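Residue numbers (our numbering), protein chains in the order written: chain D, 173 to 740; chain A, 45 to 359. Each remark here refers to the structure printed beneath this line.
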Amino acid sequence: MTKRYWRMLLSMLAIVAVAAAAVACGDDDDNGGSGGSGGATATSPSGGSAKPSGTITIGATQFETWDPHFSDFAQDITHFVYVWRGLYHLDVNDHPQPAMADGQPQVSSDGKTYTVKLKKDLKWSDGQPLTAEDFVLGIQRTCNPDVAGHYQYILTNIVGCDDYYNAADKSAAEKEELRKKVGVRAVDPLTLEVKIQEPQPTFPILLALWPTFPAPKHKLASVDAPWPGPMENVYNGPFMPSAYTEKASMELKPNPNWVGTPVGVEKVVLKYVDDPAVLNNAYRTGEVDATVANKPELDKLKTEFAKELQLYPATRTIGLEFNVTKSPVDKPEVRLALSQATDRATLVKVVFKDANTPTTSWVPPARNGLKGGEYDSILGFNPTKAKENLAKAGYPNGQGFPQLTLLLVDTQTNKLLGEFLQAEWKKHLGIDIKLEFVDSKTRSSRFNSSDFQLVTGGWQEDYPDPENWFLGLWETGASLNKTKTSVPALDQVIEKAKFNTNDEQRRQLYRDAEKILLQEANGVAPLWHTLAAFLVKPHISGMVENKRPGDTFVPGDWYIELWKTSKK
Amino acid sequence: MLAYTVRRVLAMIPLIVAIATITFVLMHAVEGGPFDSDKPLPPATLENLKKRYGLDDPLPVQYLNYLKNLAQFDFGISIANNRNITDIIRERMGVSIQLGIATFLFATVLGLGLGIFSSLNQNGIGDYAGVFIATIGAAMPSIVLAPILTIVFAVKLGWFNVLSSDYGFTDWFRGDFSNWRQVVLPTVALGFLPMAFIARITRASMLEVLRQDYVRTARAKGLAEFAVVIRHAARNAMIPVLTVLGPIFAGLITGSLVIETLFAIPGLGREFVRSVLIRDYGLIMGVTVFYAVVIAFMNLVVDLLYGFADPRIRY
C-alpha cells in the first residue's frame, strides 16, 4: 500500500512540476492589463439607416467580469461599450456628446450640481423602461463597498461616495444610510441630479464612462444584488449578446431598443484567443476579419498586409521608473545620467521593431496640446551629458557605483529590453546593472509596495484629460505614487490645477506640472509611447480610431454601431 | 476486490487534505496577490476587495474555512470573475475530457498498431519506419508541432481551421459534423507524443513476449499467426503498456495548456495555468484538488485493470 501512495504522490508532483514549468513561461506584458477609456459616437458618416447586414468576426480577449461598476480590465471595458452606454459618449475629439441624455447637463452656478435630462421613452433591451433611477443605482453600485469597484476613485468627487465606499466594516443599516447620502438622485423618471464637492471641469467626461453606466433596477433587487451574467442581463447599447461560451466566443446581435446611430451589421462574433500569433494565423485564413496584429511579427506583417495593417498611437507611456528614496536613484544626477545614456530610437528599433514611438514626454502629445520632443534636451540621448551627470553624482566613469537592479516581467521582449539597457549603460556610463526577471504579479506586488530601485513601467490613460496623468500619481503620498515622488512645487501646481474651472489655465498648469516632474526625472524618465497595431480586412468599413485610441480588440471599439461589411 | 476498492477510495481523503494543505501554503508563500495589478489600486479599494473575497481573515482562518467548504464540495468563488468555481471546472472539464478522450483513442490505436507492427517486422524496413515516427513524436513537443501543423494544414493548405473554439463531439451524436475542421489538428498535435511513447513501449514489450516459450508453443500447435499475436502475445505484452496508459489518460483529460492556448480551445488546462498567473486563489485550489482526485482515481482504475490483463494478480 505504501508504495502505491508514493506513486500517487509522485504523479501529483509531476503535475505540479509541469504546471510550474508552464507558469515559468510567463505571459506577455505589453498587451495591456488595466485602464482604457475614451472613444466617441461620431455621427454616422453615411447617416443612412439602411438595414443592418452581414457578420463581422473579430479576435478578442475573454472578459474577466461582466460588471461595469466593478472591473478595470481593458478587455472588460471594451465589451461594456459594445452593449451599454452612459448618459454621454465621447466623440472623436473626446468631447462628451449626449447618448442616453437629452442635451448637455445643466450646471448650477456654483458648479457643484449637475442636472441631466434623459431622452424620452428609453427602454432596456427587454422592453422595460430605462429611467433616471437606473442611473442612480449605477453610481451607487460603483460607490458600494461590497461591490468593491476598482474605479470608484474616479467618482471620489461625488458627494458621499467616499463615505459609503469606506464603510465596508459598518453594519448593513449604517451602509444603507450612507448609500442614501450619496449625492445622486432621480428628481423624476427623466431627470437625474448629481452633486459634487468641488466644481470639476472634467466631470461630464466621467458621465460617459463605465462606472456611471446605468444599472437595471428591475433586474437588481438591491444595490447589493449580484450583477447578472451576459445572457441574463439587459442592455441599452447598440448590441447585445445572443450567444456566449466562456473562453470560446460571444455573438452580438443588434439591440432593438438602441436609440443612437443605427447599427450597420447583423451580427458581430468575438473569438476569445489568448495568443496574438494564433489570431494572426486566423486572420490569414479568414476565420477573423479584424484583430490586433502580433507585434513581434510586425516586420513581416508590414509587407504581407501592407494595406490592411493599421498603426495608431495609444495613450500609454512607458519609461524608467525610479524609486526616488532608494540609492543610487535618489540622486537626480543618476536618474538623468541613466535617461541620457539611453538611445531611445535604437531601443525602439532593436527591441520593438518600431512598434512603439520613442519619447521623452510623460503625457502623450495628443493629450496636452504639445508637439512632443519638449524634454529631449533634458532627458534625451546625450552620452557626454550623461557622463557629466554621473560624475557630478560622485561616480566618475562609473567608479564606486552601487548595485542597481532593474526589475522586469519575464517575457521574451523584456529580456531584449533589459539586455539592451544593460549594454547601453555599460557602454556610455561604465556601470554594471543587475537584471531581475519575475512574473507579472510579483513585479506588480514589488512595485505596489515600493520594493524596487528601478522598473520599466508607466501609465495607460483612463479618461481623456491631462489630469488623469497626474492626479493620484505624482502628489506626495498619493495613493498610486509608488515611486515615492515628492516635489513640493509639483504638489502645488497639481493642487492649483485640480479643480480649476478655467480650462486653458488648467491645461497650462498640467503642462507646467509635466515640466517639474521631468526636469530631474522625478520618478520617471519616459522612453516610449505604445502604438496599437491592428489588421482589418478591406471589406470592413467604419472601424475608425478616435483621437484617444483606447481600442483593445480592433480600431473603433468605441463605435461598434458604425462598423459595416460589404461581404455577404 | 470490493474491499480493496473501498480501502483505496478512503485512503484518498488524507491524500487530498495533504495536497490541499501543501497547495494552500505554497500559493500564499508566492509573492504577489490577486489584486496586484499593473495599475496599482487605491488602498480603500484593496481593503474592500479583500473583504469581499474573505482575504482579510488571518491565513489559518482562511485555511480552516477552505477545508470546511471543501468537505461540503464547495470550492468557493473565483476572484477573477466572481463565478462559482465548481461551475467553471465543470464547463472547462467537458471540453478537456472530449479532447482527452479523442486524443487518447488516437494515441492508443495508432501507438499499439505501430508498436505491434514494428515488433513483428523487427529490424525490417517497417520497423525502422515505425521507430522513426515514434522518435519524431518523442522529440517534437506539442508546442513545436502545433504551430507547424497549423501553418501547413490550416494556413497554407486550408484543410482545417486555425481556431478550434468549438472543439467537441457532442454535436456529432446528433448528426452535426460541422466542426470537423476544428477537431483534427488539436487531436493530432496533442496525441503525437503519447502515441510515440505507447508505440515504443508496445514494441519493446512485444519483442520480449514474442520470444517466450508459450508463444513458440502456440505456433508449434499450429495456431493462426493472428491468434498467436493478438490472443497470446499482445495480451501479455499489455501489462507494461497499461501501466503507462492510466497516467497518460489522466494527463490528457485534465487538459493541455499548450494545445488549448494554441488552438483557442476553452479547456481546463488553460484555466489552471491562468489561475496561477493571476493568483486566483480559489481557482488554483479548486483545480489542484480536482486534478488530485482525477489522478488518484485513474491510478485506482489502472490497478484494477491489471487484474483483467493478468488473472494471476489478486487483490
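For glycine and all other residues, C-beta sits at the position ideal for the given N, C-alpha and C. All values derive from a computational prediction rather than experimental measurement.
Here's the rule I'm using: 16 or more other beta-carbon atoms within 10 Å means buried, otherwise exposed. How should residue i be labelled?
i, result
"R356 of chain A", "exposed"
"T214 of chain A", "exposed"
"I230 of chain D", "buried"
"F204 of chain A", "buried"
"Y455 of chain D", "buried"
"T497 of chain D", "exposed"
"W730 of chain D", "buried"
"L451 of chain D", "buried"
"P638 of chain D", "buried"
"Q116 of chain A", "exposed"
"M403 of chain D", "exposed"
"K200 of chain A", "exposed"
"T648 of chain D", "exposed"
"D723 of chain D", "buried"
"P317 of chain D", "buried"
"D635 of chain D", "A small correction: the amino acid at residue 635 of chain D is Tyr; Asp does not occupy that position in the sequence shown. Burial call: buried."
"S394 of chain D", "exposed"
"K347 of chain D", "buried"
"L143 of chain A", "buried"
"T673 of chain D", "exposed"
"G541 of chain D", "exposed"
"M45 of chain A", "exposed"
Since residue i contacts residue j with CB under 8 Å, what's their CB separation in whole angstroms?
i, j, result
"S162 of chain A", "A243 of chain A", "7 Å"
"L703 of chain D", "P485 of chain D", "6 Å"
"P383 of chain D", "T285 of chain D", "Between T285 of chain D and P383 of chain D the Cβ distance is about 19 Å, and since that is not below 8 Å, they are no contact."
"H261 of chain D", "A380 of chain D", "5 Å"
"I605 of chain D", "L578 of chain D", "6 Å"
"M250 of chain A", "I160 of chain A", "6 Å"
"Y335 of chain A", "P78 of chain A", "Actually they do not touch by this definition, with Cβ atoms about 21 Å apart."
"L576 of chain D", "Q594 of chain D", "Between Q594 of chain D and L576 of chain D the Cβ distance is about 10 Å, and since that is not below 8 Å, they are no contact."
Mapping DSSP to helix, strand and coil, what is residue i?
i, result
"K131 of chain D", "Coverage of chain D is limited to positions 173 through 740, which leaves residue 131 of chain D absent and any answer about it impossible."
"N329 of chain D", "coil"
"T227 of chain D", "strand"
"K670 of chain D", "helix"
"K687 of chain D", "helix"
"I141 of chain A", "helix"
"F293 of chain A", "helix"
"H261 of chain D", "strand"
"F221 of chain A", "coil"
"W700 of chain D", "strand"
"L381 of chain D", "coil"
"Q372 of chain D", "coil"
One question on the structure: do residue i and residue j come within less than 8 Å of each other, judged by their Cβ atoms?
i, j, result
"I712 of chain D", "P410 of chain D", "no"
"W646 of chain D", "I666 of chain D", "yes"
"E493 of chain D", "G644 of chain D", "no"
"F293 of chain A", "G235 of chain A", "no"
"T457 of chain D", "A198 of chain A", "yes"
"D282 of chain D", "P376 of chain D", "no"
"I490 of chain D", "T614 of chain D", "no"
"A565 of chain D", "K503 of chain D", "yes"
"V522 of chain D", "L626 of chain D", "no"
"W159 of chain D", "T529 of chain D", "What is shown of chain D runs 173 to 740, which leaves residue 159 of chain D out entirely."
"G310 of chain D", "F385 of chain D", "yes"
"V437 of chain D", "P224 of chain D", "yes"
"S122 of chain A", "G313 of chain A", "no"
"M282 of chain A", "A353 of chain A", "yes"
"F316 of chain A", "V331 of chain A", "yes"
"S386 of chain A", "A415 of chain D", "Since the first residue of chain A shown is 45 and the last is 359, residue 386 of chain A is not available in this structure."
"V440 of chain D", "S297 of chain D", "no"
Go through the stretch 549 to 624 of chain D residue by residue and report every complete run of the beta strand (DSSP E) that reaches 3 residues or more, in order. 577 to 581 and 606 to 610
Please go through the stretch 498 to 554 of chain D and give each complete beta strand (DSSP E) segment of 3 or more residues, from N-terminal end onward. The stretch 498 to 554 of chain D contains these whole beta strand (DSSP E) runs: 528 to 530.
Ordered list of alpha helix (DSSP H) runs contained in the stretch 430 to 502 of chain D, each at least 4 residues: The stretch 430 to 502 of chain D contains these whole alpha helix (DSSP H) runs: 448 to 456 and 470 to 476.
So within the stretch 144 to 209 of chain A, which uninterrupted alpha helix (DSSP H) runs reach at least 4 residues, ignoring any that extend past its ends? 169 to 183 and 186 to 193
Alpha helix (DSSP H) runs contained entirely in the stretch 59 to 139 of chain A, provided each spans 4 or more residues: Runs of the alpha helix (DSSP H) inside the stretch 59 to 139 of chain A: 87 to 96 and 103 to 115.
Give, in chain order, every residue of the stretch 70 to 83 of chain A whose Cβ lies closer than 7 Å to some Cβ of chain C. Given the protein chain composition of this structure (D and A), no chain C is represented.
Could you pull out every unbroken alpha helix (DSSP H) segment of at least 4 residues lying fully inside the stretch 243 to 318 of chain A, listed in chain order? Uninterrupted alpha helix (DSSP H) stretches at least 4 residues long and entirely within the stretch 243 to 318 of chain A occur at 257 to 264, 279 to 297 and 301 to 306, given in chain order.
Give the list of continuous beta strand (DSSP E) stretches no shorter than 3 residues that lie fully inside the stretch 269 to 340 of chain D. As for any beta strand (DSSP E) of minimum length 3 sitting wholly inside the stretch 269 to 340 of chain D, the runs are 285 to 289, ordered along the chain.
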